[in-house]
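Here is the structure we will look at, set down as structure tokens.
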Amino acid sequence: MLDSRRLPLAVRRAPPTVEDLRGTTVVEDPVQRRDLILLNRAREGDLDAFNDLVVLYQDKLFALVVRMVPDRDQASDAVQEAFFSAYRNMKGFRGGSVKSWLSRIAINAAMDAQRLKKRRPADPYPELEDDTWQPPADASADPVTTSLQNERHRALNGALALITNDQRTAIVLYDVEGYDYAEIAEITAVSVGTVKSRIHRGRLSLRSLLLDRMDLFRG
Amino acid sequence: MADDGNGHDEAALAAVARHALHDEELIAAFATGDIEPGSDTERAKGLVDRCAVCRDLHRDLDDLGAALRAAAASTATASRDFRLSVQDAQRLGGRPSARGFLAGLRESIALFGRPAGVTLATLGLVGLLVGSIELGNASAPTPMAVDGAATGGPPAGGLRTGEGAPGAAKASAGAAFGPASSPIDVGTVPATQGERDQTASGLGLTAWLFFVSVALLAAGLLLLVASRGARGAIAPGQDR
């Protein structure tokens, strides 16, 4: 596995905050500005700057990939591959949002992992029974609401694991990641009509799988 | 009452049977908002209005869509640290920075500094010891010189043929390869010159050995100190 005895010298340190990097570039969004500065430093050979980006986005990308590849080990491998690929190809970054660029790479890595899984279909995806999902931080949320949100996420992710790869990918990219149909069509190399159909059928499949638990999702 | 119950069941069954002919994908498209205004929209609206099952389906799909969008804000904690090591960066063909190079150097020193330092320092000490012994041997009188002293040596300016003299063979050999000399000097001068050359080269070798040994010792000690420092930098307060 890739996580064995890695980074023997890694010294945990907080990535630079947005304020640390203020005033050094012209991009308005401070988060994007920070990301671009880190990426530029990484492109100049600063590995620590790249690792700062990794720390900033690894949970986000893992959450994205594990929805598409609901096997935690495979998802981890895919995310690691995505960061390797990003490091290899960072000189080809054409500007824009670093987060979107990394997400695209992670999506491609996840789709590669799905194809690998399709070639070896003997093991179905295991039921997602982990408690590492963190609902959105909301200070005002009471324990009952938080518990309900957790239960909802668990049920939804469990059902997502059971629908087809194509449907899952389309739903995750559209509903969760917020890509539009044309972008999804480009990423998955199918027509916009096919993307729509996958989303509709995928939602119908989810509803069938969750029919007995739909009260969790009411209002 | 039983008739009412049966009638209710029959109505429900009839509704389900009617729904079997309804286009669920159309309802899903309608719930997602993917139907262009036109006849399909009217048809979907009509199904939702008239069919209870279609209405439930539409509501459930709405709720699921909202739950999926809400899921975007939730994150999962990665079970692994995905940061790249210096080795990863080198393997991936990136150009490691000075910081990366220094980190790699620090790692190497931390890992191999101590054994390498001990080895170098030991070699240096052994070299110094050997050099000292060599120096002692070189400064002690050679057997030839001792022999020469015992026989009183050649008389100054005296004629010696070398017969019976100790080291005559060596002297003859020296004469064969040495500079041309008068027959009077045969057997004495070449032997002394060779001895001097040998002593000089021995001393040069010893000096070189001393120099290398001191350098090795110093490098070894430096590596030991550096490895201690590198270990401290990597894992403060923890010495491997």
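So the sequence lines, in the order shown, correspond to chains A and B.
For the first sequence, my numbering begins at 1 and goes up steadily by one.
For the second sequence, my numbering begins at 1001 and goes up steadily by one.
Just so it is clear, CB atoms sit at the ideal spot from N, CA and C, and this is done for glycine as well.
Three-state secondary structure (DSSP) of residue i
i       : result
A1076/B : strand
C1054/B : helix
D1023/B : coil
E190/A  : For the sequence presented, residue 190/A should be read as Val rather than Glu. The answer is coil: DSSP assigns V190/A none of H, G, I, E or B.
R163/A  : Looking at the sequence itself, residue 163/A is Ile, so the reference to Arg does not match. The answer is coil: DSSP assigns I163/A none of H, G, I, E or B.
D215/A  : helix
G1131/B : helix
S97/A   : coil
D180/A  : coil
R221/A  : Since the displayed chain A opens at 1 and closes at 219, residue 221/A lies outside it and no answer follows.
D77/A   : helix
R115/A  : helix
V144/A  : helix
S1085/B : coil
P1037/B : coil
D35/A   : helix
D175/A  : helix
P70/A   : coil
Residue i versus residue j: straight-line alpha-carbon distance, rounded
i       : j       : result
S1213/B : G1229/B : 24 angstroms
D3/A    : Q149/A  : Residue placement at D3/A is poorly supported in this model, since its pLDDT is 42, which falls under 50; the coordinates are not used for a value here.
K1045/B : V66/A   : 36 angstroms
R104/A  : V98/A   : 10 angstroms
Q1090/B : V192/A  : 41 angstroms
L1223/B : S1108/B : 11 angstroms
N165/A  : A86/A   : 24 angstroms
A159/A  : R207/A  : 9 angstroms
A1070/B : V1225/B : 56 angstroms
T194/A  : R154/A  : 28 angstroms
L1128/B : A1110/B : 27 angstroms
A1031/B : L204/A  : 11 angstroms
L38/A   : I171/A  : 31 angstroms
G1202/B : A1215/B : 20 angstroms
V1130/B : F1210/B : 9 angstroms
D1185/B : I1133/B : Note that D1185/B has pLDDT 47, beneath the 50 cutoff, so the model's placement of it is unreliable and the number below is only indicative. When rounded, the distance between both Cα atoms is 34 angstroms.
L1120/B : A1219/B : 7 angstroms
T145/A  : Q114/A  : 34 angstroms
E1036/B : L173/A  : 22 angstroms
F50/A   : A78/A   : 18 angstroms
L7/A    : M68/A   : For L7/A, the predicted model reports a pLDDT of 43, less than 50, meaning its position is unreliable; a value from the coordinates is still stated below. Looking at the two C-alpha atoms, the distance is approximately 27 angstroms.
Y57/A   : R201/A  : 31 angstroms
V1118/B : L1217/B : 9 angstroms
K117/A  : S76/A   : 14 angstroms
G1136/B : L1221/B : 27 angstroms
A1207/B : A1200/B : 10 angstroms
L1092/B : F84/A   : 7 angstroms
D1040/B : E1010/B : 30 angstroms
L36/A   : G178/A  : 22 angstroms
R152/A  : L216/A  : 6 angstroms
A189/A  : N89/A   : 21 angstroms
Residue-level contact to chain B via CB, residue i, 8 angstroms cutoff
i      : result
D178/A : Per the sequence presented here, residue 178/A reads as Gly, with Asp not at that position. Yes, its Cβ sits closer than 8 angstroms to a Cβ of chain B.
Q32/A  : no
M68/A  : no
Q167/A : no
A63/A  : yes
R154/A : no
K99/A  : no
Q74/A  : no
Q114/A : no
F50/A  : yes
R203/A : yes
F217/A : yes
V79/A  : yes
V144/A : no
V175/A : A small correction: the amino acid at residue 175/A is Asp; Val does not occupy that position in the sequence shown. Closer than 8 angstroms: yes.
L206/A : yes
D59/A  : yes
R104/A : no
Interface flag, residue i vs chain A, CB-CB below 8 angstroms
i       : result
S1079/B : yes
G1033/B : no
V1016/B : no
T1075/B : yes
G1065/B : yes
G1093/B : yes
D1060/B : yes
R1083/B : yes
R1069/B : yes
V1272/B : For residue 1272/B there is no data in the structure shown, the boundaries of chain B being 1001 and 1240.
V1048/B : no
E1024/B : yes
Proximal residues of chain D, C-beta to C-beta of residue i below 9 angstroms
i      : result
K196/A : The structure shown contains no chain D; its protein chains are A and B.
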